[in-house]
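J.: Protein chains in written order, with the numbering used here: chain A, 13 to 393; chain B, 13 to 393; chain C, 13 to 393; chain D, 13 to 393.
Number of protein chains: 4
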Amino acid sequence: MTKEIRIGLIGYKFMGKAHSNAYRQVSAFFEPPLTPRLKAVAGRDEKAVREFAAHFGWERYTTDWREVVADPEIDLVDIAAPNDLHAPIALAAAEAGKAIFCEKPLARDLSEAREMLRAVERAGVPHMVCFNYRFLPAVRLAKRLIDEGALGRVRQFRAIYLQDWLKDPGFPLLWRLRKEQAGSGALGDIAVHTIDLARFLVGEIAEVTGLVKTFVKERPLPEEGTGMGEVTVDDAAAFLGRFANGATGVFEATRMAPGRRNFIHVEVNGEQGSLFWNAEELNSLWFYSEDDPGHTWGFRRIIATDPNHPYAKAWWPPGHLLGYEHSFVHAIVELLEALAAGRPPSPSFLDGVRAQAVLDAVLRSAEERRWVAVPEVEVGG
Amino acid sequence: MTKEIRIGLIGYKFMGKAHSNAYRQVSAFFEPPLTPRLKAVAGRDEKAVREFAAHFGWERYTTDWREVVADPEIDLVDIAAPNDLHAPIALAAAEAGKAIFCEKPLARDLSEAREMLRAVERAGVPHMVCFNYRFLPAVRLAKRLIDEGALGRVRQFRAIYLQDWLKDPGFPLLWRLRKEQAGSGALGDIAVHTIDLARFLVGEIAEVTGLVKTFVKERPLPEEGTGMGEVTVDDAAAFLGRFANGATGVFEATRMAPGRRNFIHVEVNGEQGSLFWNAEELNSLWFYSEDDPGHTWGFRRIIATDPNHPYAKAWWPPGHLLGYEHSFVHAIVELLEALAAGRPPSPSFLDGVRAQAVLDAVLRSAEERRWVAVPEVEVGG
Amino acid sequence: MTKEIRIGLIGYKFMGKAHSNAYRQVSAFFEPPLTPRLKAVAGRDEKAVREFAAHFGWERYTTDWREVVADPEIDLVDIAAPNDLHAPIALAAAEAGKAIFCEKPLARDLSEAREMLRAVERAGVPHMVCFNYRFLPAVRLAKRLIDEGALGRVRQFRAIYLQDWLKDPGFPLLWRLRKEQAGSGALGDIAVHTIDLARFLVGEIAEVTGLVKTFVKERPLPEEGTGMGEVTVDDAAAFLGRFANGATGVFEATRMAPGRRNFIHVEVNGEQGSLFWNAEELNSLWFYSEDDPGHTWGFRRIIATDPNHPYAKAWWPPGHLLGYEHSFVHAIVELLEALAAGRPPSPSFLDGVRAQAVLDAVLRSAEERRWVAVPEVEVGG
Amino acid sequence: MTKEIRIGLIGYKFMGKAHSNAYRQVSAFFEPPLTPRLKAVAGRDEKAVREFAAHFGWERYTTDWREVVADPEIDLVDIAAPNDLHAPIALAAAEAGKAIFCEKPLARDLSEAREMLRAVERAGVPHMVCFNYRFLPAVRLAKRLIDEGALGRVRQFRAIYLQDWLKDPGFPLLWRLRKEQAGSGALGDIAVHTIDLARFLVGEIAEVTGLVKTFVKERPLPEEGTGMGEVTVDDAAAFLGRFANGATGVFEATRMAPGRRNFIHVEVNGEQGSLFWNAEELNSLWFYSEDDPGHTWGFRRIIATDPNHPYAKAWWPPGHLLGYEHSFVHAIVELLEALAAGRPPSPSFLDGVRAQAVLDAVLRSAEERRWVAVPEVEVGG
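1) Please list the partners that Asn257/A has in chain D, where partner means a Cβ-to-Cβ separation under 9 Å.
2) Just checking, does the segment 169-189 of chain B make contact with the segment 227-235 of chain B on the three C-beta pairs under 8 Å criterion?
3) Where does Ser296/A land, buried or exposed, given buried means 16+ other C-beta within 10 angstroms?
4) So the candidates are Phe64/A, Pro138/A and Ala125/A; which of them puts its Cα closest to the Cα of Lys110/A?
5) Answer yes or no: do Ala265/A and Ala203/A have a C-beta to C-beta separation smaller than 7 Å?
6) Name the DSSP bridge partner or partners of Leu88/B?
7) Rank Arg49/D, Ile172/D and Phe212/D by C-alpha distance to the C-alpha of Val262/A and give the top, closest one.
8) Compile a chain-ordered list of the residues in the segment 296-308 of chain C whose CB is closer than 9 Å to at least one CB of chain D.
9) Could you have a look at Thr206/C and say whether DSSP puts it in helix, strand or coil?
10) Does the segment 96-104 of chain C come into contact with the segment 307-322 of chain C, if we say contact requires no fewer than three beta-carbon pairs (one atom in each stretch) closer than 8 Å?
11) So with Cβ pairs under 7 Å, would you call Gly331/B a contact of chain D?
12) Label Lys29/D either buried or exposed according to how many other C-beta atoms from any shown protein chain fall within 10 Å of its C-beta, with 16 as the threshold for buried.
13) Report back the beta-carbon spacing between Leu185/B and Pro232/B to the nearest angstrom; my notes put them in contact at under 8 Å.
14) Skipping 5 residues on each side, what residues in its chain have a beta carbon closer than 6 Å to that of Leu174/B?
15) Taking 7 Å as the CB-CB limit, is Phe68/C close to chain B?
16) Which term fits Gly197/B, buried or exposed, when burial requires 16 or more other beta carbons within 10 angstroms of its beta carbon?
17) Per DSSP, Asn290/D forms a beta bridge with which residues?
18) The alpha helix (DSSP H) spanning Val391/A covers which residue range?
19) How should Arg366/A be labelled, buried or exposed, when 16 other C-beta atoms within 10 angstroms of its C-beta is the threshold for buried?
20) Can you pull out the residues from the segment 261-272 of chain A whose beta carbon lies closer than 8 Å to at least one beta carbon of chain D?
21) Once you ignore the five residues that flank Ala369/B on each side, which residues in its own chain have a CB closer than 7 Å to its CB?
22) DSSP beta-bridge partners for Val262/B?
23) Could you please give me the residues that DSSP links to His139/D through a beta bridge?
24) Which partner residues of Val384/A appear in the DSSP bridge assignment?
25) Do Gly285/A and Gly335/B count as a contact pair if the criterion is CB distance below 7 Å?
26) Ser123/A bridges to which residues according to DSSP?
27) In chain A, which residues lie less than 8 Å from Phe26/B when you measure between Cβ atoms?
28) Report the option in Phe255/B, Gly161/B, Trp298/B and Asp247/B whose CA atom is closest to the CA atom of Arg211/B.
29) Go through its chain and collect everything with a Cβ distance to Glu216/A's Cβ below 6 Å, but skip five positions before and after it.
30) Around the C-beta of Met27/C, are 16 or more other C-beta atoms found within 10 angstroms, so that it is buried, or is it exposed?
31) Under the DSSP definition of a beta bridge, which residues are partnered with Trp298/C?
32) Is the Cβ of Ile158/A closer than 7 Å to any Cβ of chain C?
33) Which residues in the same chain have their Cβ closer than 7 Å to the Cβ of His242/B, if we skip the five residues on either side of it in sequence?
34) Can you find at least 3 beta carbon pairs, one from the segment 343-363 of chain C and one from the segment 37-51 of chain C, that sit closer than 8 Å?
35) Answer with buried or exposed for Thr260/B, where buried requires no fewer than 16 other C-beta atoms within 10 angstroms of its C-beta.
36) Whose CA, out of Arg56/B, Arg62/B and Glu283/B, lies closest to the CA of Arg78/B?
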């Protein structure tokens, strides 16, 4: 039996569920060097968190996240709460000496994110940010191909992230639509994933120019019959970027594209090849190589479920597709392996801060209507 | 807390893993009226089954399936062992009064399958056969649309199931390649899924004419250095069918189509519409309806992850895709709900026998080189 | 200026139009060694054929095909009339010493087709049958790859040809629905294309077993208010086949699949690779090769519009797609090059007869409900 | 017989060929009120233009475009020459009282384009710019759906246009790579198509911010052994836009995306629906409508080849695909119908100027690194 790692989870909605599932699945399908023990989950709604705990096998629940952070029997604090709680929880957890696994975006803005980075570095605790899409086999394979030089030098990157759950103006004003809680809208919620993929696959973004747009400016407050409230974040955002290595980037994100439930398209064009990945075909990577015989040039669809594809062997035979949730399981594999090996997990809070720096630059460029340099962030925040 | 149902699983390879995962996941994501308790797992290789038990949380393991069947603390016997063991285990489990969940194909041949049906009926125990593809949201939605009359009367059905794991002649002679253990090859292993989908979506198949083909007639025995053995089942099979309701059917299955890892295409053409589903886009159902405005006729791709799609709400927000393994979780939902309600689960052993009747008719037609009526099978075997 | 070849066309509907276009386009885009001169077109409806002639630049028209055949100023007779006229026209044209280009299916049945072959061979006139799909760049590239050995030995072939123009029972009883004029229905009209592709790509079909089905047995006669008439051909057909080289084949064709306007899927699985082509992506060939690096195995979509793809250079820059009609232009390139070189064009009437032999065998197998050997046809009919 | 319109074509390369084909095909497949007569073609290379004239049936050729413009027997001047010749030819042709059909981009820059517009307005001659993609049936159907209100109010537009013919640094420095001849690179050559589609489908673009990038700064001069020359236009361009009606737009164009031969993706998201079109599936329009029953929501692929789709009936039966070149034939239909009816053809030079205004604004924004308002252009230039 491997050593246990005792988890305290804060948040039990979409991400709390995704993380809980990942902790449960990792030991069944992989051989992680640490076995997650689902020690405690915190959430504000007692009935809901109790039911959640029962469903996913958390040993106990609480309505006060501070209890989780303070609990000496907890080794790792998992932050899956709304964005405005990321910093306070992370700061407290760092101080308490816990390892931290935090959902994206790392914070509401860059200065908050930097503060979190400084806190974990000061405390010397391990830290990881949950950019789960990095951990899909198809995306991981893309990284491998780029690193192998299969594309040659990268020239162009494009990423489109489209959702449609906000298209209806009657959709209520949840926390994700309030700046003080969310920081930003489509930008921090979904564009941030593509920013991370850009950094993962291509490198640092040096400067950006962007636009943000709020199509529906008022929405019903979530509490029945309490009237309307102002939407203080963007419904849609787009920006152009220049990477430090000279590549160009085009990014768009929206939560108002009817029919696009969770559509992500990421494409990289290099000097000798290209690849793209689309979330509607989650398991496939499309790859074009000029190394192929000339009369057979074409994008090939690699269904990344073969034993020689990243993470795939642990699951099912080739061609038996994985889903969205598996990305989180693989993220936990990385987390546990890094913790056991005493090396920093990746992506770390530094990656979270650097993504946040891009978000901040986009917002500023949108406001100032000009190109804005992305602030450089080094270890030490 | 809901009442427990104590599971005894026999088999720990591909299907044992898929079922174990399903028992674990069902209570986390659904609200089943019974909670599976993973009581015991049986397998022949002690070390392997011990590790498997540890991974998936089985309380104990054994190398003798008879122990599982005999165990008074077990309520349901899950048969995920090679095909030649389905009948002996099912007969013993029925006699022991256990509920039974059995992998497909139900048996090696029709007479064996009938015997199993008679045994469970005689014993009065609940029984279900695991045709998991029925339980994918997209497939379930197809059923709903057909039942609603969205296609009109069905005229034509076609199903292609292609894999490629046997393309290499050096692949060893595992049990799935031996008639005495498997019954048949691509036919019983994969075509049987499409036969079940045909029955589920269109109705009974009345007669068939088919061919079977073994491209690689000898393969290395699995035990290193023991020479070659004869492949006694089909590598590929195809047949034409006529449904009782007048529709026509075309079926093909192979395990030797390079690049087709687990490719399933199922299409139904009715008088006023069509639909198709393809396993490489597991979550999507394609639907063509003449009820649409004339200048907008076209197949539409329904990503069956909305809350109003079968089983989808329990998982993730729309557009966050499910994988292959989820089909088994949904099968277990059906099993548990039926058991709790005291109604027969569906598909039952009767469905298993009827599918087997088609397999037998195909094999006979291939041998006799003529059309063969599919034997009718009623309750009572 | 190259030498002229004076064309006499019989038929001015769908195929007459496609051929006329091809004769006009070939000299604009290619450098054929002979220049088609559109001498005369024949059709039964004087007004319609007059208008047609004006549209496509035919120098004169007639309502009597015998005039075209007898005309000493005509070098090549193009038969684009209903199937029952193929034989009488071909026989007369052969006797008159004309080269002949004939639409598919060559005839209504095998004996008629054989008679045509004997006639052209006796007369020593050049002859070609218009299996136009052979001439699409993507299909031609498939042939090249198979010939190069890119798939290894071919094991399996499948072809699906779906249309939907007959799904409405109110569609009138045109000649294509009458056995005495058409010979057969979906079988001779569309399955014949896939039979030709099977022969082109894989080789001769040795034996078949099939079914034919007429879903709508009566239809309105085309002349308003004259009541209903019996449909005497198949609406749908399917058959299994064994190739002489040991490969298996599965074929299906229907004109009653709602939403499938002109859907053709042709797939070839070999020992080391696969390819497929789908008419809804007319310009693309999908190719899977085990020669690719193992972690990048996948079907690649070759858009066959590069200069090194068959026929592509004559048209537009890469990626600017060709349409259906271009296949006929390429067929005429082959016809003119063969005539100028004094070699037999390909596919010839012998290919037409061999395809017809498969049609006949399918119909007989459907009637006799058993496998039927495809009659061998050699030069000499 | 309809009245003739005598055409004088200037340019015989890619576009000269596409236009020649269109003039030839239009009278064969449509019933235009005027019949194009291919009177004269001009080009600088005598041998090449002579051969071209012979191929496409131009009655005569010349190496001096001024002859064409001056010829009293010519009614319409078609400008398919390099961009730097658009203005001089158009000005001369206007002065000579000819109707003008001009390739895109209208000119090298906005002031030149305005001058052209003023000239044709002053002369009172009919004028049309060849934005051929507007005339594809799928794109035309998109326009119809938007005009019918099928999407509700449009919120978002995105367009990606990718080619790869410049990826190789050894590709020579043709006129399209020189600012003095081309005006701009990917921007004016291909992005201009998507700008036109944006205007066609959504409306005027009010302001933009963009980037341009030249990855390969030097290329071999086209004349063998004459060394290298500077690339003075962009290889790639991208910009964000705001439409006058409040919609947002994201545009990207490049000629250096390996594997993307002529990839165009155009997508429109409205309040109640979406549509997209992709040039790799030239005939298909994808449409998502919330008017569909809730459990069947999905993008549907409309293959725009039915008789009730724009321009489709003139060609082939449903499902028999059209190609790239057909867009030009349809443009000529519009041109001839407008001329015969005495109404202005659409898109006119005004559309050309407005597209050019966007190009200019993008270039300026790229230079000044800020948002730039698109200059308004009214009738009168």
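Idealized CB from N, CA, C, for every residue including glycine.
T.: In brief:
1) Neighbours of Asn257/A on chain D: none; closest Cβ ~12 Å, over 9 Å.
2) Yes: the two stretches touch, three or more of their Cβ pairs being nearer than 8 Å.
3) Ser296/A comes out buried.
4) Distances from the alpha-carbon of Lys110/A to those of Phe64/A, Pro138/A and Ala125/A put Pro138/A closest.
5) In contact: Ala265/A and Ala203/A (Cβ atoms closer than 7 Å).
6) Per DSSP, Ile19/B and Ala111/B.
7) Selected option, being the one with the closest Cα: Ile172/D.
8) Residues Ser296.
9) Helix.
10) At 8 Å Cβ cutoff, the stretches do not touch.
11) No - not a single Cβ of chain D is within 7 Å of the one on Gly331/B.
12) Buried is the call here.
13) Yes, Leu185/B and Pro232/B are in contact; Cβ-Cβ is about 7 Å, under 8 Å.
14) Hits under 6 Å: Thr266, Ala269, Arg272 and Phe275.
15) Residue-level contact by beta carbon fails for Phe68/C and chain B, as no gap is shorter than 7 Å.
16) Counting other Cβ atoms within 10 Å of its Cβ, Gly197/B reaches 16 or more and is therefore classed as buried.
17) Beta-bridge pairing by DSSP links Asn290/D to His277/D.
18) The continuous stretches of alpha helix (DSSP H) do not include Val391/A, and DSSP gives it neither H nor E.
19) The C-beta of Arg366/A has 16 or more other C-beta atoms within 10 Å across all chains shown, which makes the residue buried.
20) Within the segment 261-272 of chain A, the qualifying residues are Val262, Glu264, Thr266, Met268, Ala269, Pro270, Gly271 and Arg272.
21) A distance below 7 Å between beta-carbons, with the five flanking residues on each side excluded, links Ala369/B to the following residues of its chain, in chain order: Leu122, Val386, Pro387 and Val389.
22) For Val262/B, the pairing in a beta bridge is given by DSSP as Arg170/B and Leu252/B.
23) According to DSSP, His139/D bridges with Ile112/D.
24) The beta-bridge partner set that DSSP reports for Val384/A consists of Val220/A.
25) Against a cut-off of 7 Å, the Cβ pair of Gly285/A and Gly335/B comes out as no contact.
26) Looking at the DSSP assignment, Ser123/A forms no beta bridge with any residue, so it has no partner.
27) Per Cβ cutoff of 8 Å: Trp328 and Pro329.
28) Selected option, being the one with the closest Cα: Phe255/B.
29) The residues are Ala256.
30) With 16 or more Cβ atoms within 10 Å of its Cβ, Met27/C is classed as buried.
31) Beta-bridge pairing links Trp298/C to Phe288/C and Arg313/C.
32) No - not a single Cβ of chain C is within 7 Å of the one on Ile158/A.
33) Note that residue 242/B corresponds to Glu in the displayed sequence, not to His. Excluding the 5 residues flanking it on each side, Glu242/B has same chain C-beta neighbours closer than 7 Å at Lys229 and Glu230, in chain order.
34) Yes, the segment 343-363 of chain C touches the segment 37-51 of chain C.
35) Buried, because 16 or more other Cβ atoms sit within 10 Å of the Cβ of Thr260/B.
36) Nearest Cα to Arg78/B within the set Arg56/B, Arg62/B and Glu283/B: Arg56/B.
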